[in-house]
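Contents: one structure, followed by commentary.
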Amino acid sequence: MSQIELEQRKRLREKLLKEGINPYPHQLKFAPIPVKEILEAPKTGVKVAVAGRVVGIRRHGKLVFVDLVDDGYRIQLFLYKKELGDKFDWFMDNIDLGDFINVYGELFYTKRGELTIRVEDYMLAAKALRSPPVKYGHRIMDTEVRYRKRYLDIMMTPQVRKIFETRFKVIEEIRKFMWSQGYLEVETPILQPVYGGAAAKPFITHVWALDEDWYLRISPELYLKRLIIAGFNKVFEIGKNFRNEDIDVHHNPEFTMMEAYEAYADYNDMMRLTENLVSTVAWKVLGTMKVKYPVETEKGETIEETIDLSPPWKRIRLVDALREYANLNVEELSDDQIKELLREYQLKIAGGYERGRAIIKLFDRLVGRKLLQPTFIIDFPASASPLTKPHRENPEYAERFEAYIAGLELANAYTELNDPILQAKYFREEEERKKKGDVEAHPYDWDFVEALEYGMPPTGGLGVGIDRLIMVLTGSTSIKEVILFPMMKREEARETTSGKQ
RNA sequence: GGGCCCGUAGCUCAGCCUGGUAGAGCGGCGGGCUUUUAACCCGUAGACCAGAACGGGCGGAAGUCCCGGGUUCAAAUCCCGGCGGGCCCGCCA
């Protein structure tokens with residue numbers, strides 16, 4: 055909007071105040087009902103009151119059509135000078151696009167068959183000084199504006215609003231599902247003295263009361279396990295984790311995870327939990343277990359892939375997946391041959407070469423993105439899974455899986471390591487890697503080891519990336535499309551009505 | 001960390017290659033129109049500063065075509081360096 059238009063509206067606000075009309079009244083004159091209710095059960099000949107934002111004004115001489123949006127639902131208003139008299143002129147002179155108004159009138163169908171309110175009276179409910187940036191129903195083209203001023207993106211574009219409605223319904227249904235399975239929803243610290251539960255760089259903050267540097271959690275894992283030790287058999291937590299790493303289409307520094315832990319369960323139970331959770335949530339929110347997701351083919355074309363979320367999902371060992379999808383039989387390769395492959399694909403291992411980590415790297419590079427249909431990749435090399443119990447049949451592997459859908463890593467789960475001596479050994483090895491330059495190695499958490507020494511039952515644990523799950527369920531290819539306010543570089547201060555900020 | 005693309009009126013974009021008056025549509029403002037729905041038709045202001053404000057007229061000290069330099073008689077346009085955004089690659093299990 056031009057500066058001139060902003061000034062015009064500021065003057066209009068002043069004019070209204072002088073006339074004794076509050077542009078920001080405390081109460082509505084006509085008790086409104088939701089537009090949604092009117093649209094769901096349309097009746098004609100009845101009087102209704104509604105409130106909402108003016109998003110369209112179409113004038114035809116002595117009559118005018120107005121589009122009003124209330125809580126995401128649009129209804130048309132009809133104002134006729136012959137019926138409204140001076141109030142018609144007042145509306146045209148004082149109501150602008152973007153304003154909130156409260157109207158009262160009778161429902162009828164126009165010649166074109168649209169349910170419309172024939173306005174008999176109205177009031178200004180809140181003045182907008184800036185007009186909407188685009189016509190209602192259109193997309194804001196500038197992605198920077200969309201992300202920085204998400205309120206405009208949602209205000210003007212119903213499809214965008216729909217994505218976020220879906221997002222929060224998904225989270226609601228996850229809760230309902232977990233509750234129905236007997237899990238207790240808990241909260242654990244976001245500010246932690248020792249971070250852990252994942253391999254990632256943390257955000258550091260300072261606690262003035264203690265004069266100590268603390269961390270924003272990279273995962274709630276070690277606290278949730280403490281609750282299993284405490285004697286809660288089934289717990290889960292939904293919340294933000296913070297990882298001080300790159301921002302791209304699959305990563306935002308703060309993101310939402312659901313983690314669940316269950317005593318006397320193992321990673322097989324967690325697979326069943328995962329596929330039941332995801333398919334049930336899809337069914338409840340979308341009414342289907344089949345979703346479409348845009349996928350780029352090798353030719354560079356984008357096609358809609360239909361993804362079937364119904365259980366059971368495919369289960370395949372990581373080394374078998376490398377054989378099946380990348381034609382690599384890593385179990386028969388020497389370390390030198392694997393190092394050669396790392397060179398070929400320009401992959402580096404932080405903290406120095408280590409066979410297990412190298413195999414996982416090759417998997418991520420060559421296989422992960424090919425896994426479009428839901429797939430559990432099971433049995434990771436033990437060396438790169440320091441919180442996981444070794445495989446019951448072959449201790450070179452860990453009882454760990456990752457779930458992939460649409461090429462996205464969606465979940466990560468273990469049969470949890472509950473041997474404190476082994477856990478301490480793994481922590482020491484992680485400390486060694488940290489010294490060798492692996493900035494993401496786990497720090498030694500002696501307090502957690504002590505907790506394990508009191509005895510933790512056999513436990514299955516699961517982490518689900520909620521943002522990525524919502525990407526799959528909404529067909530979004532960027533995590534920024536499913537996070538309300540994604541992290542962006544700080545903006546320069548700008549002029550607003552209250553001056554420089 | 002590497003590469004590619006974009007940044008011009010409130011919005012969407014043209015102009016840039018080939019340097020020489022900065023344009024269109026939408027939106028705004030004014031007018032017309034009794035059933036429209038991205039309404040339509042006619043007119044008009046609007047890109048930086050600015051004379052208190054507003055309306056009308058006049059004017060240039062000049063004028064941020066993201067910012068700062070450079071080349072040139074002359075830069076939105078060419079060159080260099082930034083900033084912001086998007087995408088790809090690497091890293092992030």
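All you need for the numbering used here is the position in the first sequence, starting with 1, plus 54. Glycine included, each C-beta is placed from N, C-alpha and C at the ideal position. Note that the structure is predicted; figures quoted are calculated from it, not measured.
Could you have a look at residue i and say whether DSSP puts it in helix, strand or coil?
i           : result
residue 550 : Note on residue 550: pLDDT 39, under 50, position unreliable in the model; the coordinate value appears next. Residue state, collapsed to three classes: strand.
residue 254 : coil
residue 209 : helix
residue 399 : coil
residue 103 : strand
residue 358 : strand
residue 555 : Note on residue 555: pLDDT 26, under 50, position unreliable in the model; no value is reported.
residue 506 : helix
residue 334 : helix
residue 525 : helix
residue 81  : coil
residue 327 : helix
residue 490 : coil
residue 446 : coil
residue 539 : coil
residue 232 : helix
residue 411 : helix
residue 247 : coil
residue 201 : helix
residue 279 : helix
residue 501 : helix
residue 302 : strand
residue 63  : helix
Just confirm the distance between the C-beta atoms of residue i and residue j, as a whole number of angstroms; I'd bet it's less than 8 Å.
i           : j           : result
residue 319 : residue 513 : 7 Å
residue 321 : residue 468 : 6 Å
residue 347 : residue 460 : 4 Å
residue 63  : residue 150 : 6 Å
residue 327 : residue 516 : 6 Å
residue 239 : residue 160 : In fact, because the Cβ distance is near 47 Å, the residues do not count as touching under 8 Å.
residue 498 : residue 485 : 5 Å
residue 428 : residue 363 : 6 Å
residue 474 : residue 317 : Not a contact, Cβ separation roughly 17 Å.
Starting from residue i, trace the alpha helix (DSSP H) in both directions and tell me its first and last residue.
i           : result
residue 120 : Looking at the DSSP string, residue 120 is not in any alpha helix (DSSP H); the run it does join, the beta strand (DSSP E), is 117-124.
residue 236 : Segment: none, residue 236 is in no alpha helix (DSSP H) and carries neither H nor E.
residue 147 : 140-148
residue 316 : Where residue 316 is concerned, there is no enclosing alpha helix (DSSP H), although the beta strand (DSSP E) it sits in stretches over 308-317.
Return the first residue and the last residue of the beta strand (DSSP E) that residue i is part of.
i           : result
residue 258 : 257-261
residue 289 : 288-296
residue 367 : Here residue 367 belongs to no beta strand (DSSP E), and DSSP marks it neither H nor E.
residue 459 : 451-459
residue 130 : 127-134
residue 175 : 169-180
residue 432 : 429-435
residue 469 : 462-469
residue 89  : Element bounds for residue 89: not the beta strand (DSSP E) but the alpha helix (DSSP H), 89-94.
residue 266 : 266-270
residue 156 : 154-163
residue 513 : 513-519
residue 348 : 344-350
Are residue i and residue j touching if we call contact CB-CB under 8 Å?
i           : j           : result
residue 306 : residue 537 : yes
residue 541 : residue 198 : no
residue 314 : residue 232 : yes
residue 152 : residue 186 : yes
residue 122 : residue 131 : yes
residue 492 : residue 405 : yes
residue 361 : residue 345 : yes
residue 274 : residue 242 : yes
residue 105 : residue 156 : yes
residue 471 : residue 443 : yes
residue 287 : residue 256 : no
residue 533 : residue 312 : no
residue 343 : residue 430 : no
residue 432 : residue 455 : yes
residue 228 : residue 271 : no
residue 435 : residue 414 : yes
residue 289 : residue 278 : yes
- Task: Answer yes if the segment 101-117 comes into contact with the segment 60-77, meaning at least three C-beta pairs across the two stretches below 8 Å, and no otherwise.
- Result: no
- Query: Given 8 Å as the limit, is there contact between the segment 202-213 and the segment 525-535, that is, 3 or more CB pairs closer than that?
  - Reply: no
- Do the segment 392-404 and the segment 422-436 meet, that is, are 3 or more Cβ pairs less than 8 Å apart? no
- Query: Between the segment 278-285 and the segment 499-517, do at least 3 Cβ pairs fall closer than 8 Å?
  - Reply: Touching, yes.
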